[in-house]
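Residue numbers (my numbering), protein chains in the order written: chain A, 1 to 159; chain B, 1001 to 1646.
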Amino acid sequence: MAKIKSTSLNSFDRLALRHALVGWTGLLIFLTLGILLEVLHGLKLDLYLDVRQETRRFMWTLAHAHGTLFSLVHLAFAWSLTFSSRWMNAPGPGFRSASWAFIGGLILMPLGFLLGGIWTYGGDPGVGIFLVPAGALLMLFGCVRVLVLFASLRNLAAK
Amino acid sequence: MNSGSESSRAMVIKKRFFVAVFVMAGVALMLALGVSWMDSRKRQTEQQSVFESLPRSRDDEYVSSNRCQACHPAEHATWHRTFHRTMTQPALPELVAGKFDDTTILSDGLIYRVFKKGEKFFAEMPDPEEMMYAVQGGKLTPLKAIRRVEREVVMTTGSHHYQTYWVKGADKYGNLLQTLPLIYLIEDQRWIPREVAFMKAPGESGRMISQWNHHCINCHSTGGNPGLQANSKEGSFATAVGELGISCEACHGPGEEHIKANRNPLRRYTLHRDAGETDDTIVNPEKLDHQRSSQICGQCHGVYIRNENFGMKFATEGVQYRPGEDINEKRYYITHPTENSTPLEWEEYRKNPKFFAERWWEDGTILAGGREYSGLSQSACYTRGEISCLSCHSMHDSNPVDQLNHIGNSQQACVQCHNEPAYTTNISSHTHHAPESTGSECMNCHMPHTSYALFSAIRNHQIKSPDIRASAKYGVPNACNLCHLDKSLEWTSRAMTRNYGTAPVDLTAEQKEISAALLWILKGHAAQRVIAAWHTGWEPARQASGSDWLAPFQARLLADPYGVVRYVAGDNLRKLDGFEKFPFDFIAPEEKLRASAEKAVLQWKDRAAPTRTGGEILINPDGSIMEERVQKLLQERDNRPVNIKE
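The structure is reproduced here in C-alpha cells:
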C-alpha cells in the first residue's frame, strides 16, 4: 500500500481524485480493448476482419480510440483541478457540471461506438450509435465549461 | 575557465551538428516530396491522353460505384473482386495484361505490332477508319493497301481468360474507339489474332473489326450511352457511361435518387428497423420475382433485338432498360422455334436461318455461351417453377470465377424445389447411378456442358433431361454420351428406355455401332467437335470412360480448320496421361498442325495398348486403331460453316 501524506482532502482534491480514478480506469479498459482488437487481427477472425465487417471494425476502432483519448482528458482535467485549488477555495458548479459531462462523455461515446459495431446494417452502424452524439455533446459541454472557468480566472488574475 | 570555454565550444558544435542534421533531413524530405510529386505529375500527364479518349462519365442519374462504397462497403468489396467489374478498364500499366513488347501479330493477313512508349501502349496497324470503311462500309479498298498508322491503346476488355484492346479513333468521330483485332491469352501469356479466338468459319467474309461505342458499350459498361451525333456529317460519337465495366448500377439501377434520399439518417434507420421493407429508391434483385430478377442478367446474357424505336433511342440516348422494369416492353427476346412451334414462328426462322444457327443447336437448345437467360427462360424450372439466376449465382456471395453462390455448384441448388426423396435421400432410384457419383449430380444430366464460349464448353442453362432423339436427329450432344464417351447412342437410347421409359430412338447404323463422342469428334460439325473435344478432358468423363484410348482421335482435331477447336483439342489432349507436355501451337501453319496431329497419334501408338478396345471406340482387340473407319468418318465430316455468337 502506498504511503499517503495526509488523509485530509479538500474538495478540489476529491474531485481531482475522482477524475484520476476515472481516467486511469478508462485507460485500463480501453487499452485492454485495444489489445483485444489486436488479438482479433492476430487471429484473423472473420467476425472482425471479414470484408462484411468493415463497419464493425471501424466502430470498434473508434470506441478504442475515443475511450483512450477521453480517459486522457479525464487525467488532464484532474491535473487542472489540482492547480486550480491554488486560486480557488472550492470547485464551483462549473467544475462540477464539467466533471459530470466528462464522465457522461467517456461512457456514452465509446459505448455508442462499441454497441454500434455489434449489430450493423451494411455501412450503417447499429442503433447504439445514437449514444455517440449525446456523448460528444457532453464532452463538448465539459470542455466549454472548463475553458470558460479558466478564462474567467485569467481575467480575475489580470485585475 | 578553459574547461568552461571548451565545454561551451562543445555545446556550440553539438548545437550546430544538430542544426545541420535537422536542415539536411529537411532538405532530404523536401527532395523526396518533390521527386514523388514530379513522378505523380508525370504519370498524370502520361495517363491524361488515356482518360481523355475514354467515354465520358454520365452526369445524370448514374453516380458510380465509388458513391455506393461509403454505405455498402461489403457489397462493394465483394463486387470489386469480380470479373464483371474489370470487363472494361482504361489501358493503364497496372491493368494491361498483354505484353506490348514489340511483338508482331498477323491477323487475317494484316500485320499488327504492339509496343510501349514509357507507360503508354501503342499499336502500329492498318488505319482503323479506312478498315472500317473497307470492311463495314463496303468500300472496295484492297486491305493490304491501307496505310499504316500508329494508334494509342486506351482501353481494355476482359481480364479473366483473355484481354482485348481498343485504340483511339480519328478525332472527327468524337470519342470513337476502334478495335485492335488481337487477343492476349492471359494464362498462356501470348498474343493471338482475334479471328482464331472465336468460333468463326474459316474463309467466311467479315473481319472482326468493330467499334466499342455502339456495340460493346451495351453490356461492357454500366448505363452506356453511345451518344451518336445523328446530325453530324461523319456520324461522330459523344459516348458516355455511368461507369466502365459492369458495376452496381447495372443491376440495382441508377443510384442518384437513392443517395439523395438516404442522406437522411432517420430514413435509413427506419428502413433498417423495417428490415423486410423495400427501399423504393433502388432495386434489389433479390426482392424481385424470379422473372424480373432474371431479366436483369438477361439484359446482357440473352439474345434479343430492341423493340421499335428503342434502337435509335439507344444509339442517341443510351440504355433504356432499367433494372426492375419488364424488359419485354423494350426488347424482344428471340427464341428458336421448336417442333411444337407454329408456322408463323418458323417463318421468322426461315427469314434468317444463319442468325439462329449462330446461337442455337438445331433443336432449339441454346448453343452460344453468354446467352444463359435465353436458355433459362425456356426451361420448365423457369416457366413453371420459380428458378432465377440468383437461385445459383450471386454477385456478392460467390467465387468470382463462376459467380456461383454457396449452393450453386451442388445438389442444394436443385433440391430447393425438387425435395422429394427421389432427388434427395433416394437419388439412385432417379439417376440409376451411385448416389455419391458424378452421375447422380443433377447438373451433369440436366445442365450438360453443351454451350460454347471462351475456348470452353460451358453448362447449358436450358435445363432439361437428356434427349437422345435430339442427338440422333439434330446432332445435339447429350449429357449421357458426353460423360460415357465410349458409348454409342444405341447404348444410351436403351438405357433411357430401360430406366425412364422413353421411346426407343431410330438410329443409323453408325449411331448404333460407334461411340457418339467419336462420331462428334471425327464426323461432326465444328460445334460438335469442340464440345466433344472439351469433354475428353472433363474429369467425370475420363473416370466413366477411361482415357487411355482417347488421344488418337483427339489428335485429329489438332489440325482442325477452326482455331478454337484446335485450342480446345490441344488443351484437353494435355490432360491425357502421357501428353501432359505435348508441344502444340494452335496457330501454327497448316503443315505444322498436321505434323503435330500425326506426332500425337504416333506417340499414342508407342505406348502400352489401351485398357479398352472394341468397335464402339474404333480400336481393334490388338490395340490398333481402325484407321480405315476413322479415315472414312473424317472424309464424311460435316463441313458446314459454323459461327457462334458468344
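The beta carbon of each residue, even a glycine, is placed where N, CA and C say it ideally should be.
Original post:
Between the C-alpha atoms of isoleucine 1305 of chain B and glycine 1223 of chain B, what's the straight-line distance to the nearest angstrom?
Top reply: Going by the C-alpha atoms only, they are around 18 Å apart.
**OP:** Just grab the DSSP bridge partners of leucine 1177 of chain B for me.
**Re:** In DSSP, leucine 1177 of chain B forms a bridge with B/Lys1168.
Original post:
Just how far apart, CA to CA, sit threonine 946 of chain B and proline 133 of chain A?
Top reply: No statement about residue 946 of chain B is possible, as the shown extent of chain B runs from 1001 to 1646 and does not include it.
**OP:** Report yes or no: is there a C-beta of chain B within less than 8 Å of the C-beta of tyrosine 121 of chain A?
**Re:** Taking a beta-carbon distance threshold of 8 Å, tyrosine 121 of chain A counts as an interface residue toward chain B.
Original post:
Of the residues that make up the segment 46-63 of chain A, which ones have a beta carbon closer than 7 Å to any beta carbon in chain B?
Top reply: Interface annotation for the segment 46-63 of chain A against chain B: Val51, Arg52, Glu54, Thr55, criterion Cβ-Cβ distance under 7 Å.
**OP:** Identify the contact partners of aspartate 13 of chain A in chain B, using a Cβ-Cβ distance below 7 Å as the criterion.
**Re:** By Cβ distance, chain B contributes nothing, its closest Cβ being about 42 Å from aspartate 13 of chain A, past 7 Å.
Original post:
Listing by chain order, which chain B residues have their CB less than 7 Å from the CB of valine 127 of chain A?
Top reply: The contacting residues are Tyr1269.
Subject >> Span separating the alpha-carbon of aspartate 1678 of chain B from that of isoleucine 1625 of chain B >> reply: The question about residue 1678 of chain B has no answer, for chain B in this structure spans 1001 to 1646.
**OP:** Just tell me which of B/Leu1182, B/Asn1352, B/Ala1201, B/Ala1503 has its CA closest to the CA of proline 1193 of chain B.
**Re:** Of the candidates B/Leu1182, B/Asn1352, B/Ala1201, B/Ala1503, the one whose C-alpha sits nearest the C-alpha of proline 1193 of chain B is B/Leu1182.
**OP:** Measuring only between beta-carbons, confirm whether histidine 19 of chain A sits less than 8 Å from chain B.
**Re:** Not a single CB atom of chain B sits nearer than 8 Å to the CB of histidine 19 of chain A.
**OP:** Grab the span of the alpha helix (DSSP H) containing glutamate 1628 of chain B for me, first residue to last.
**Re:** Residues 1627-1635.
Subject >> serine 1493 of chain B burial status per 10 Å Cβ neighbour count (16 or more: buried) >> reply: Classification for serine 1493 of chain B: buried.
Subject >> Interface positions of the segment 1072-1106 of chain B facing chain A (Cβ-Cβ less than 8 Å), listed along the chain >> reply: Here the close residues are His1072, Pro1073, Ala1074, Glu1075, Ala1077, Thr1078.
Original post:
Three-state secondary structure (DSSP) at valine 1642 of chain B?
Top reply: Assigned with DSSP and collapsed to three states, valine 1642 of chain B falls in coil, not helix or strand.
**OP:** Tell me whether leucine 147 of chain A sits in a helix, a strand or coil according to DSSP, three-state version.
**Re:** Residue state, collapsed to three classes: helix.
Subject >> Spatially closest choice to alanine 1457 of chain B from B/His1301, B/Ser1515, B/Asp1638, B/Gly1369, by CA coordinates >> reply: If we check each option's Cα against that of alanine 1457 of chain B, B/Gly1369 comes out closest.
Original post:
Which residues bound the alpha helix (DSSP H) around isoleucine 1217 of chain B?
Top reply: Start and end: 1217-1220.
**OP:** Specify the secondary structure class of tyrosine 1184 of chain B as computed by DSSP and reduced to three states.
**Re:** The answer is strand: DSSP assigns tyrosine 1184 of chain B an E or B state.
Original post:
Of all Cβ atoms in chain A, is any one closer than 8 Å to the Cβ of histidine 1290 of chain B?
Top reply: Residue-level contact check: histidine 1290 of chain B does not touch chain A, since none of the beta carbons of chain A fall below 8 Å from its beta carbon.
Original post:
From which residue to which residue does the alpha helix (DSSP H) around valine 1565 of chain B run?
Top reply: Boundaries of the alpha helix (DSSP H) harbouring valine 1565 of chain B: 1563-1573, taken from the DSSP string.
**OP:** Decide if alanine 1608 of chain B is buried, meaning its Cβ has at least 16 other Cβ atoms within 10 Å, or exposed.
**Re:** Per the 10 Å Cβ criterion, exposed.
Original post:
Does threonine 1281 of chain B come within less than 8 Å of chain A when only Cβ atoms are used?
Top reply: No, its Cβ sits nowhere closer than 8 Å to a Cβ of chain A.
**OP:** Starting from leucine 1376 of chain B, trace the alpha helix (DSSP H) both ways and give me its first and last residue.
**Re:** Note, leucine 1376 of chain B: alpha helix (DSSP H), 1372-1376.
Subject >> Cβ-based burial, serine 1515 of chain B [other Cβ within 10 Å; buried from 16] >> reply: The residue in question, serine 1515 of chain B, is buried, as its Cβ has 16 or more Cβ neighbours within 10 Å.
Subject >> CB contact flag (histidine 1220 of chain B, methionine 1087 of chain B, <8 Å) >> reply: Taking 8 Å as the Cβ cut-off, histidine 1220 of chain B and methionine 1087 of chain B qualify as a contacting pair.
Original post:
If you follow the beta strand (DSSP E) that methionine 1698 of chain B is part of, which residue opens it and which one closes it?
Top reply: What the structure shows of chain B is the stretch from 1001 to 1646, and residue 1698 of chain B is not part of that stretch, so it cannot be assessed.
Original post:
How is the beta strand (DSSP E) around threonine 1104 of chain B delimited, first residue to last?
Top reply: Looking at the DSSP string, the run of the beta strand (DSSP E) that includes threonine 1104 of chain B is 1103-1107.
Subject >> Pair within 8 Å by beta-carbon distance, phenylalanine 102 of chain A and histidine 74 of chain A >> reply: Taking 8 Å as the Cβ cut-off, phenylalanine 102 of chain A and histidine 74 of chain A qualify as a contacting pair.
Original post:
Secondary structure at histidine 1449 of chain B, three-state DSSP: helix, strand or coil?
Top reply: It is coil, neither helix nor strand.
Original post:
Excluding the five sequence neighbours on either side, which residues of its own chain have a C-beta within less than 7 Å of the C-beta of proline 1400 of chain B, listed in chain order?
Top reply: Around proline 1400 of chain B: Arg1081, Thr1082, Phe1083.
**OP:** Kindly indicate if chain A contains any beta-carbon less than 8 Å away from that of histidine 1272 of chain B.
**Re:** The Cβ of histidine 1272 of chain B sits closer than 8 Å to at least one Cβ of chain A.
Original post:
So with Cβ pairs under 8 Å, would you call alanine 1647 of chain B a contact of chain A?
Top reply: Residue 1647 of chain B falls outside the range modelled here, since chain B spans only 1001 to 1646, and no answer is possible.
Original post:
Exposed or buried, histidine 1406 of chain B, counting other C-beta atoms within 10 Å across all chains shown (16 or more means buried)?
Top reply: It counts as exposed.
Original post:
So which residues of chain A does alanine 1070 of chain B contact, with C-beta pairs closer than 9 Å?
Top reply: Chain A residues near alanine 1070 of chain B: Gly123.
Subject >> Same chain only: Cβ atoms within 7 Å of serine 1528 of chain B, ignoring 5 sequence neighbours per side >> reply: Checking the sequence, you will find glutamine at residue 1528 of chain B rather than serine. Only residues of its own chain outside the window of five on either side were considered, and among them Gly1475, Pro1477, Trp1520 have a CB closer than 7 Å to the CB of glutamine 1528 of chain B, listed in chain order.
Original post:
What are the start and end residues of the alpha helix (DSSP H) that includes threonine 1431 of chain B?
Top reply: For threonine 1431 of chain B, the enclosing alpha helix (DSSP H) has its first and last residue at 1428-1431.
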